[in-house]
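Numbering (the working numbering), first residue to last: 6 to 367. Glycine is no exception: its CB is placed at the ideal position from the N, C-alpha and C atoms. Structure, as structure tokens:
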Amino acid sequence: MIPLRVFLSCKQYALDMNKRNLYSNSWMKIFFFLLFLLIFLWSCEEKITGEFNPNIPPETFIFVQSEDTLNFTQSVQTIYWDGRDPDGFVTGFYYTFEENPQPQDWIFTTERSETFPLVITGQDTIYTFQVKAVDNLGAEDPTPARQLFPIVNSAPEISWAAGSVIPDTTFTVASFSWVASDPDGDSTIASIEYSLDDTSNWVSLPGDKRSLTLREADGITEGDHALYLRAVDIAGAKSNMLRMPENPSQFWYAKSPRGRYLLIDDYAVESSISGFPDAYYQGLLDSLLALTGDDYSYWNIEEEFPSSATQFTETLKLFDRIIWYTDIITQTDEHFIAAQIAIPEFRQQGGKLIYTVQFNTG
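The structure is reproduced here in structure tokens:
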């Protein structure tokens, strides 16, 4: 029994020693914490010495900046700027095109460049661009960088589209197409203007219009005609003036339809070998329509085929009945291609058609 008591006594002694160490460590931690607190409180009583340095606002500059007004340039401008802050860093910029801006006129950005489409309000316009940097404490450059940008208006340009030449003779319908652009941006083209036969009565079309079809109600009556065309931008500048026909001494002749019938001659060669198809079909219609008192129009599209598919289709719509005869053709023939576009539209409005064609399948 004696060894057991000794063992228990030793264990109890170890427990007592652990408790004493724990208490001792706790008191040491409290002691050092209080000592640190006293030192901190004592140091706070020391006053800050020296002079206070206020925040210095940033500086801003514009690339290609000049004290003078820059040379006149186009209305789409890419402007570059940057800023420096001596005691911090630049976080962004405010810019405006107002000469005397109010707080709400400034636009914030973190970019250092921007492309601006400057609206032209007159023949020439001068824009004032201002930009100021902002630092990490919110201070703004009190003297924003400033530059004048004179914008010169460029007149629009216009030309006839490829393949838009009008034939020497048409019926009382004519179609035109053109290409228009503006160095200041095509959106600055405010209108397209045309005048028929002279330049005294201009008719305005939307600026994005690129084709026009005129009919008898628009002035395409029987006789000689010429069309004049020009583009006008938002500042009122006018393009070069086009004329159709392009030769100023020439006109195209418009003829009124004769009756409800149209005879289309699509035969290249009239000969005894081909059986004189022109004479055959014209003689046939002469004899048949004489019985009903009707008349017909004759159209040789081998000589007077319009370059515009729209004009070809609109010409067919002037008639109720069509007889169309051709010689041997291929599927790539431009007249056959036009037929595939025009015939469905003609029939959709109730027209009737006889189309005789021979295909070269070799």
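Starting from residue i, follow the alpha helix (DSSP H) in both directions and report where the run begins and ends.
| i | result |
| --- | --- |
| S4 | Outside the displayed span of the chain (6 to 367) sits residue 4, for which this structure offers no information. |
| P188 | Note, P188: premise wrong, no alpha helix (DSSP H); not H, not E. |
| Q345 | 339-353 |
| T318 | 314-321 |
| I306 | 306-309 |
Throw me the rounded Cβ distance for the residue i and residue j pair, which I believe falls under 8 Å.
| i | j | result |
| --- | --- | --- |
| Y272 | T331 | 6 Å |
| P155 | P62 | Actually they are not in contact, since the Cβ atoms of P155 and P62 sit about 30 Å apart, beyond 8 Å. |
| T318 | E339 | Wrong, their Cβ atoms sit about 14 Å apart, outside the cutoff. |
| G356 | D325 | 6 Å |
| V139 | F98 | 7 Å |
| S196 | S209 | 5 Å |
| R151 | T133 | 7 Å |
| Q82 | F121 | 5 Å |
| A231 | F256 | 5 Å |
| S192 | S313 | In fact, because the Cβ distance is near 26 Å, the residues do not count as touching under 8 Å. |
| A295 | L321 | The pair is not a contact, with the Cβ atoms about 24 Å apart (cut-off 8 Å). |
| G93 | L123 | Not a contact, Cβ separation roughly 33 Å. |
| W329 | L289 | Actually they are not in contact, since the Cβ atoms of W329 and L289 sit about 14 Å apart, beyond 8 Å. |
| P311 | T175 | 7 Å |
| Y416 | L268 | No answer is possible for residue 416: the residues shown for the chain start at 6 and end at 367. |
| P250 | I171 | 7 Å |
Would residue i be called buried (16 or more neighbouring beta carbons within 10 Å of its own) or exposed?
| i | result |
| --- | --- |
| V137 | For clarity, residue 137 is Lys in the given sequence; the question names Val instead. With 16 or more Cβ atoms within 10 Å of its Cβ, K137 is classed as buried. |
| A19 | With a pLDDT of 48 at A19, under the threshold of 50, the modelled position of that residue is not reliable, and the figure given next carries that caveat. A19 is exposed by the Cβ-count criterion. |
| D129 | exposed |
| G88 | buried |
| P8 | Model confidence at P8 stands at a pLDDT of 48, short of 50, so the residue's coordinates are unreliable; what they give is reported in the following sentence. Exposed. |
| Q363 | exposed |
| R235 | buried |
| M246 | exposed |
| Y266 | buried |
| L293 | exposed |
| Y199 | buried |
| G212 | buried |
| D203 | exposed |
| Y301 | buried |
| Y100 | buried |
| D173 | exposed |
| V95 | buried |
| I368 | This structure cannot speak to residue 368, because the chain is shown only from 6 to 367. |
| A167 | exposed |
| M6 | The pLDDT assigned to M6 is 43, lower than 50, so where the model puts this residue is not dependable; a value taken from the coordinates is nonetheless given after this. Exposed: under 16 other Cβ atoms inside 10 Å. |
| P59 | exposed |
| N158 | buried |
| D291 | exposed |
| Q316 | buried |
| L27 | At L27 the pLDDT is 49, less than 50, meaning the model places this residue with poor confidence and gives no usable figure here. |
| I327 | buried |
| Q336 | exposed |
| I194 | buried |
| T65 | buried |
| P91 | exposed |
| V237 | buried |
| Q353 | exposed |
Since residue i is in the beta strand (DSSP E), which residue starts that stretch and which ends it?
| i | result |
| --- | --- |
| Q152 | 150-157 |
| Q82 | 81-89 |
| Y272 | Careful: Y272 lies outside any beta strand (DSSP E) and carries neither H nor E. |
| L142 | Here L142 belongs to no beta strand (DSSP E), and DSSP marks it neither H nor E. |
| P211 | 208-211 |
| V170 | Counting along the chain, V170 falls outside any beta strand (DSSP E), and DSSP gives it neither H nor E. |
| I197 | 194-201 |
| V237 | 232-238 |
| I327 | 326-334 |
| S216 | 216-220 |
| T361 | 357-364 |
| E251 | Per DSSP, E251 belongs to no beta strand (DSSP E) and is neither H nor E. |
| E64 | 64-67 |
| K260 | 257-260 |
Does any C-beta atom of chain B lie closer than 9 Å to the C-beta of residue i?
| i | result |
| --- | --- |
| A242 | Of the chains in the structure shown, none is chain B; there is only one protein chain. |
Would you say residue i touches the ligand ADP, meaning its beta carbon is less than 8 Å from a heavy atom?
| i | result |
| --- | --- |
| A179 | Questions concerning the ligand ADP fall outside what the structure shown contains, since it holds no ligand whatsoever. |
| task | Count the CB pairs spanning the stretch 213-228 and the stretch 241-252 that are closer than 8 Å, and state whether there are at least three. | result | no
| task | Could you pull out every unbroken beta strand (DSSP E) segment of at least 3 residues lying fully inside the stretch 101-137, listed in chain order? | result | 112-114, 118-122
| message | Does the structure place the stretch 202-221 close enough to the stretch 285-296 that three or more beta carbon pairs sit under 8 Å? | response | no
| task | Check whether the stretch 92-110 touches the stretch 158-169, taking contact to mean three or more Cβ pairs, one atom from each stretch, closer than 8 Å. | result | no
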